[in-house]
Amino acid sequence: MDLDLSSDQRMLLSAIEPLLAQHRQLPQPAAPDYVVVGGDLDAALDAAGFYGDADGFDLERADAALLLDQIAQCPFAVPAMASLTVAPALGIALPRPIALAESLDPRVPIRFLAQSRTLLVAQGEQVLALDLEGAEIVPQDTIFAYPFARLASYPADALRPLAGVNAQQLRDGWALGLTFEILGALRAAHALTVDYVKQRHQFKRAIGAFQAVQHRLAEGATHIEALHYLAHRAAIGGDSAEIALATSYAQQHVPQIVYDCHQFHGAMGLTLEYVLHHWTYKLKALAGELGGASVQGRRAAQLQWSEAA
Amino acid sequence: MDLDLSSDQRMLLSAIEPLLAQHRQLPQPAAPDYVVVGGDLDAALDAAGFYGDADGFDLERADAALLLDQIAQCPFAVPAMASLTVAPALGIALPRPIALAESLDPRVPIRFLAQSRTLLVAQGEQVLALDLEGAEIVPQDTIFAYPFARLASYPADALRPLAGVNAQQLRDGWALGLTFEILGALRAAHALTVDYVKQRHQFKRAIGAFQAVQHRLAEGATHIEALHYLAHRAAIGGDSAEIALATSYAQQHVPQIVYDCHQFHGAMGLTLEYVLHHWTYKLKALAGELGGASVQGRRAAQLQWSEAA
Amino acid sequence: MDFTWTPEQQDYRQHLRAFIARALPADWEAKSNYDPGSPYVVDFARDFCPALAAEGLLIPHWPVEHGGGGADPWFHWILGEEMFAVGEPRSYQYMNVNWIGPALLRYGSAAQQALHIPQITGGSVFWCQGFSEPSAGSDLAALKTRAERDGDGYVINGQKIWTSAASFASYCFLLARTGPTKRDISVFLVPMDTPGIEVREVMSLTGRRSLHEVFLTDVRVGEETRLGEENAGWAIVKAVLHNERIGAPRYIMAQRALDAAARVLRQDGRFDVPSIQAGLGKARAAVDACQLLCFRIIDGRMKNVSPGGETNVARYALALADRAVGDFIGEHLHDALLAREEQTILTQFRRAASTGLGAGAAEIQLDIVAQSFLELPRSH
Amino acid sequence: MDFTWTPEQQDYRQHLRAFIARALPADWEAKSNYDPGSPYVVDFARDFCPALAAEGLLIPHWPVEHGGGGADPWFHWILGEEMFAVGEPRSYQYMNVNWIGPALLRYGSAAQQALHIPQITGGSVFWCQGFSEPSAGSDLAALKTRAERDGDGYVINGQKIWTSAASFASYCFLLARTGPTKRDISVFLVPMDTPGIEVREVMSLTGRRSLHEVFLTDVRVGEETRLGEENAGWAIVKAVLHNERIGAPRYIMAQRALDAAARVLRQDGRFDVPSIQAGLGKARAAVDACQLLCFRIIDGRMKNVSPGGETNVARYALALADRAVGDFIGEHLHDALLAREEQTILTQFRRAASTGLGAGAAEIQLDIVAQSFLELPRSH
C-alpha cells in the first residue's frame, strides 16, 4: 500500500505544469460561449508527445489517467481522453483525435466527433474503427460545454473492425477516462467555489462562514477526495469491477456538487462570462455518458457478486 | 379547493383529544422496552366507537386516516390501521384487531399478528380472511418498535376468501393507512427533535441555533408538510395512483428524517428509556412495508403514465 | 379538505387552453425555445397579451374597477399554470400581473395608477425589477444605490445586477436608499429611457435577456415616480416578495417535463425498467408536493390569512421538485438532452440548474423556515 | 500509488483468519449477536484475547520492548479489519490496543506502564473511556467533572455518561477538570472499584452495556493515577482522538453486510433486478471510498505525516458509507431484517442508526473539514 503519487507521477506533473499553466484560464475578455474547445492545448500536448507517439512518452494507464485529471481542471474542452486511456489499451496506432461511440446510430450526438480523425465504436463484442476523413458530420448544438456532432454518413470502406481487441477493453478505457475527466472538473469547480465563498459577502460576512454552506462544501470535498482514490485504484491495474465502481461513484455525486457550486455562486455562476459553467456543463454531460451512475453501479455489482463469487 | 381540515374533521380531533391526551407519553418510569403495545389505547378507541361498530362513528376514509395520524403521534404501537382504512373499504364486519399480510408464508413476520383476531391476506386478486382463533402464532423478536409474529399453522376451515372484494382495495387501504402512520410518527419524532435542540446546548449555544442543524430540520419540516397534503389528497377520494404517490413519498423521506432526529439527539436518542426510538423504529419498519418507496413509486408511475394515458 | 376544482374554475382553464391553442403558432415550441426573454417571445407577447386582455383572460383576479374579472386567487393561479406550461408566452409581463400591478394598486397614487394601470391591463408594457446589486443579492439591507433629494425630485446613482428584461422593459420597479439607516429604502417607478440609465445584457445559461447589468448615473426622476412615502420601501418590498416568492407556478414545467420523459422513455422501450419507473414516480411525488404546498398559499390568500413561513416551505419545495426532475432527466434522458428535440425536457433541465437561486436563495428559505416556522433560535 | 498488500501482510491476514476460524465456536454469530458488550462476548474475550496474545497477534504494531511485534501500522489495521468483520470478539479490549495502550506508552510513567501494560498485552483487562458528560458531548471544554487536590492525591466529583463497558471495565481513562481555565484538564487512570464510583447501565439500541452513567462521588485517587502533567490532559486527548476517530475499521461490517445482502437477494431471486443491482453497486462504492480514505490515514502514519483534516474526511466518509448500506438494507432487505437470520445484515442496519454519533458527531467532522481542510472561516 502506498497512497501517494509515485515519484514518476510527480515528475510527470512537473513536466506538464508549464504547458497547463498557460491554459488554466480562459482568454480575457472571455467570449461568452457555451463551448470553448482547447485546440491549442490539445496540439501542444500532442507536440510534446503526451499522446504517446513513437518518440513521445509511453505512459502507463495510471499516468495517462493522472494527466487527464490535470487537463480536465482546465476550463477548455480538450479531446484528450480517448488518446490517453482508450487507444493505448487497444494497442493500435490510430490517427487522433479520437471520438468514442456506443453505436453508429446517426441520431446520437457524439462528443468531439467534429474534432476527431478516428471514431471508435464499441459494438457488441467488437470494436470498429471509422476513418472520419470522408465522413459527413453534422454539428449538434447542445447545452453542454463539449462540442457534439452526429455522424450523418461515411464511406463504406472507411469502417473496419479491429482484430484482436475486445469491446470491453474500449469500454473500460472509456469509463476510466470519463472518471478522471469528472474528477478533474469536480476539483476545479469545487475549488473555484471554495475560493468564491471566501471572497463574497452576504449579510455582512463571507458566504463561506455560514455553517450550512460549509457542511455542503465539506461533503463535496469528501466525495472528491474519495473519488481520487477510487479512480486511482481503478487506474492502477484495477479490473472492470473497480473501474465501474469508480465511474459510478463519480457520476453519482456530480448532481449535488454541481448544484452546490451553482447555488453558492448565485447568479454569477449562470453567466457565460464566468468560468464555472465550463466545468459544470461538462460535468452534466459526463454524468450521463455510458448510461450514467446506475448503469455503472449495476455493472460493478454484477462483477463484484457474480454467480461464481 | 380547500386545504384546511373540514369542520367535521376538526370536531373529530376535538372528540378524540381527551382520549389521546392520556396516551401521549409512556408511563414513567418507562420500562426500557423495544416495543410498547398500546392495548389500553386500542381498547379505549374501540369502546368509544372509533372503529365503526353499529352504534359507533361511521368515519369517512379521510377522517379515519386523520385519526390514524393522531394515533401514530402516540409512542405506543396500536393495532388500529387495518380497522380504520382497510376493513371499512372491504365493507365486511370482521373481528378486530386485524393484521395484514401479502402472503400466508409462515416464514414472514406479520405486524400485530399476535394481537389480532383476524388476518387479511392480499393474495393475487383475492382477499383471504383468516380467523386467528385456532391459529398457532410464534412471536418474532425484531429490532422494530412494533410487535411481529409468524403464522406457524391454522385450522384449514379458518381461512375463507372474501367474495366481492378485490385485493387492490385491500392494498390501497393498507398503503393509505401506512402513509398516515408514517406521517404521524414523522411529526412526533420531528417535533420532539425540534424541541430537544431548543433545550440542549453544545459549544455554549442551543444545538438548534446551528445553521446546519436548522437547515436539515427545515428540510424535514418541508417534507412533512408536503406529506400532509399528499396524504390527504390520497385519502379524500384519491385513486390508487395518488395513494401510491403519497406512500412512496412517505417511505422515501423516512431514512433522512429519522437519521437527522437521531443525529441531533446524540446518544440520548439511542437509549431505550427515551421516547424517540418508539417513533423512529416504527418508521424504520413502515418504510420497508409493501415493498418500500421504489416499489410504490414504480406503481405510481405505472398508473400515472399507463399506456392509455 | 377539498382537492377538486369548481365548474367555473374548470371552465376558465378550458377557456384558457382553447385560447392558447388558437393563439400559439404550430412551431411555437421550436421558435420560442420556451425562453421568455428571447426576441421571438417578447415580440410575440406584445400581440399575445393584448389579445389575452381582449378575451378577459389577462387579469381575472384583479378588481373589476381596474379592468379585472373580480375572480378569486385560484383563477390567477390557474392562469399562471397554463401560461408557464407553454413556456410563458406573456414573457416577463407575468410580473405585471402577479405583483407589479397589485403593488401599484395598493401603494400607488391616483396619477401613478392612471399612468401605469391601463398599460398593464392592456398588455402592452414590460417592467423590470431593480432589486439585486453587485454587493446585495438576497441581502437588501446592503443596498448601495442612492436616491438623493434634488429640488422637487431625486438623483439616482448606483448599479443593479441580474435584472431580467432590462434591455426591453419600459419601466423599472427600482429600490434605492433614501436615508441613513438600513431600512431607509424607497421604491421608484423609473422609465427605462430616462437619461443616465445604461443597460448591458449579461449572457447567461438561463436564456436570452434574463440577466443584465443596469448602471444608473445621475438619473433624474420626479417625486411623482416614488411609490408610497419616502423610506416606506421596506414594507412594500416585504409585501411584494411574499407574492413574488411563489408568484409563478413553475412546478408545472417540471410536471410537463415528466410527462414528456415518460413518453420518450416509452418510445425508447425503457419505460418498463423498474428503476426508471421508480424514479419517475418519486420525481412526480416531489412535483405534486410542491404543487400542493403552493395551493396552500393560495388557499390562505382566499381566506385572508397573512402569509408566514409556509411561503418559504413552498418555495423550498420548488427547488426540491426542480432538482428531482432535473436529476432524473440528467441520468435517464441524456440522449434526449443531446438531441434537443424535446423542448420541455430541455427547458426543465436548464431551469433545474438555477432553481433555488431566484427570489431568495434556497438556503435563505431554509433559514426562514427554521426560524419562523419551527421557531428555532436565530443562527447568527 | 500501490493498492496491493505485501506478502507479509497477506500472510498475517491469513494467519489471523485461521486463528479466528479455530477460536470462534460454530455458533458464534448466533450467540454473540455481534454485540461486543454482551455478557457472552465479554466472557469470550477474556479467553480469546490472551490466546490472541499468545499467538503474537494481539499487538502486532506495538514496540518489541513492550511485547509487540514491531510491525508497521498496516498490521494493526489488518487486525482491526479481521476482528471487526466478525463482530469484534475482543469486545472493548480493542480500545486498549488502539489508543489506551499507546497513550500509556507515550505519556505514562514507568510505574504506570509497569502496572497497566502487562495487563493490556496479556489481554486480560477492560478499560472504559470517561469523556462525555451530561452537558459536554462533543464539547470537551464544557467538562464539569472536577479533580480537586487533596493531600498527595485528588478527590474527584462529577458524572460521566454514555460510557461504554463501564459496568465490567477494570479501569477508566477519565478526564477531569484540574484548574480554572477551560483547557485545564487532566487524565486519570482510575480503577473502577474505587469507592465512590457508581455505574448504571443505560439500556440502548446499540447493544448491551454500550451505554452507562458513571457517578463519581468523593472518589479519592492517588497522584500516581494522573497521566502526564497536571492540566496537560488537553494535548493527550487531542492525540488520542486522532487515533480513536478512525481507530476501528468499521466499514468492514458494511462490506460484509453487502456481501450477505447480495447472497440473500440471489437466494430470493431478486439479485438481477436492475435497481437493486445499482443500489448494491453504489453502496459498495461508498464503502470502498471510506476504506480508501482510511487507508490514506494509515499511509500517513507509515510516513509520520501528522494527521490533519484528512482524519475527519475519513470519519465522515464512514457515516456516509454506513448510511448508504443501512438505507439499502432498510429498503430492499426488510424481510431479512424481520427474520433476523442474517446477523451481519442486522448488525449493519443497527449500526447505521448510530453512525456519525460516536467519536465526535458527523456535523463536527464537517465543521473541521470545512475549516481545517478547506480553510473556510470559522462559522461561529
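Residue numbers (full-length UniProt numbering), protein chains in the order written: chain A, 1 to 309; chain B, 1 to 309; chain C, 1 to 380; chain D, 1 to 380. The beta-carbon is built from N, C-alpha and C at its ideal position, and this holds for glycine as well.
Taking only three categories from DSSP, how would you classify residue i?
| i | result |
| --- | --- |
| D:Asn231 | coil |
| A:Pro79 | coil |
| B:Tyr250 | The identity of residue 250 of chain B in the sequence shown is Ala, whereas the question assumes Tyr. Helix. |
| A:Phe112 | coil |
| D:Phe373 | helix |
| A:Ser153 | strand |
| D:Thr225 | helix |
| A:Ser7 | helix |
| A:Gly238 | coil |
| A:His201 | strand |
| A:Thr85 | helix |
| C:Phe328 | helix |
| B:Ile137 | strand |
| D:Pro274 | helix |
Taking Cβ-Cβ distances shorter than 7 Å, what residues in chain D pair up with residue i?
| i | result |
| --- | --- |
| B:Phe203 | Asp139 |
| C:Ala278 | Ser275 |
| A:Ile257 | Per Cβ cutoff of 7 Å: no residues; A:Ile257 is ~13 Å from chain D at best. |
Going by the C-beta, is residue i closer than 7 Å to any heavy atom of the ligand SAM?
| i | result |
| --- | --- |
| A:Gly288 | The ligand SAM is absent from the structure shown, which contains no ligand whatsoever. |
Going along chain D, which residues have a C-beta under 9 Å from residue i?
| i | result |
| --- | --- |
| A:His265 | Within 9 Å Cβ-Cβ: nothing; A:His265 doesn't reach chain D, min ~15 Å. |
Could you name the residues of the same chain whose beta carbon sits closer than 7 Å to that of residue i, not counting the 5 residues immediately before and after it, in chain order?
| i | result |
| --- | --- |
| A:Ala309 | Only weak support is given to the placement of A:Ala309: the predicted model assigns it a pLDDT of 47, under 50, and the question is left unresolved by the model. |
| C:Met1 | none |
| D:Arg13 | Ile78, Glu82 |
| B:Ala48 | Leu19 |
For residue i, go through chain C and note every residue whose CB falls closer than 7 Å to its CB, in chain order.
| i | result |
| --- | --- |
| B:Ala2 | The sequence shown places Asp at residue 2 of chain B, rather than the Ala named in the question. Simply Met1, Asp2, Asp299. |
| B:Ala31 | The premise fails here: B:Ala31 is roughly 32 Å from chain C at the closest Cβ pair, so nothing lies under 7 Å. |
Excluding five sequence neighbours on each side, which residues of the same chain lie with their C-beta closer than 8 Å to the C-beta of residue i?
| i | result |
| --- | --- |
| D:Ile345 | Ala257, Ala260, Ala261, Val264, Ile329, Leu333, Ala336, Leu337 |
| C:Ser164 | Gly37, Tyr92, Cys128, Gln129, Arg209, Ser210, Leu211, His212 |
| C:Leu205 | Arg350, Ala353, Ser354 |
| C:Glu224 | Ser109, Ala111, Gln112 |
Output needed for residue i: all residues of its chain with C-beta closer than 6 Å, excluding positions within five of it in sequence on either side, in chain order.
| i | result |
| --- | --- |
| B:Gln123 | none |
| D:Val155 | Glu148, Asp218, Arg220 |
| B:Glu136 | Ala152, Ser153 |
| C:His15 | none |
| D:Glu230 | Thr178, Ser186 |
| B:Ala64 | Leu84, Thr85 |
Report the neighbours of residue i on chain A: residues whose CB is nearer than 8 Å to its CB, in chain order.
| i | result |
| --- | --- |
| C:Val325 | Within 8 Å Cβ-Cβ: nothing; C:Val325 doesn't reach chain A, min ~12 Å. |
Using a C-beta to C-beta distance shorter than 8 Å, which residues of chain B count as neighbours of residue i?
| i | result |
| --- | --- |
| D:Leu346 | Ile143 |
Along chain G, which residues have their Cβ under 8 Å away from the Cβ of residue i?
| i | result |
| --- | --- |
| D:Leu357 | The chain inventory of the structure shown lacks chain G, comprising the protein chains A, B, C and D. |
Which chain C residues are close to residue i, counting only those with a beta carbon under 8 Å from its beta carbon?
| i | result |
| --- | --- |
| B:Ile236 | Met1, Asp2, Phe3 |
Who are the neighbours of residue i on chain A, taking C-beta pairs under 9 Å?
| i | result |
| --- | --- |
| D:Tyr316 | Ala218, Glu219, Thr222 |
Going residue by residue through the stretch 1-86 of chain C, where are the continuous beta strand (DSSP E) segments of at least 3 residues, counting only ones entirely within it? Complete beta strand (DSSP E) runs here, min 3: none at all.
Members of the stretch 208-225 of chain B that neighbour chain D once the beta carbon cut-off is set at 8 Å: So the close ones are Phe210, Gln211, Ala212, Val213.
Listed from N- to C-terminal order along the chain, which residues in the stretch 132-147 of chain A have their beta-carbon within a distance smaller than 8 Å of any beta-carbon of chain C? Result list: Gln140, Asp141, Thr142, Ile143, Phe144.
What residues from the stretch 180-201 of chain B come within 8 Å of chain C, judged by C-beta to C-beta, listed N to C? Residues Val194, Val197, Lys198.
Which parts of the UniProt domain "Acyl-CoA oxidase/dehydrogenase middle" (128-219) of chain D are runs of the beta strand (DSSP E), unbroken and 3 residues or longer, counting only runs that do not cross its ends? Counting only runs of 3 or more, we get 146-150, 153-161, 171-177, 185-191, 197-201.
By the 8 Å beta-carbon criterion, what residues does the stretch 287-306 of chain B contribute toward chain C? For the stretch 287-306 of chain B, which is checked against every Cβ of chain C, the residues closer than 8 Å are Ala293, Ser294, Val295, Gln296, Gly297, Arg298, Arg299, Ala300, Ala301, Gln302, Gln304, Trp305.
The UniProt domain "Acyl-CoA oxidase/dehydrogenase middle" (128-219) of chain C: which residues have C-beta closer than 9 Å to a C-beta of chain A, in chain order? Of all residues in the UniProt domain "Acyl-CoA oxidase/dehydrogenase middle" (128-219) of chain C, only Ser132, Ser135, Ala136, Gly137, Ser138, Asp139, Ala141, Ala142, Ile161, Trp162, Val202, Met203, Ser204, Leu205, Thr206, Ser210, Leu211 place a beta-carbon less than 9 Å from a beta-carbon of chain A.
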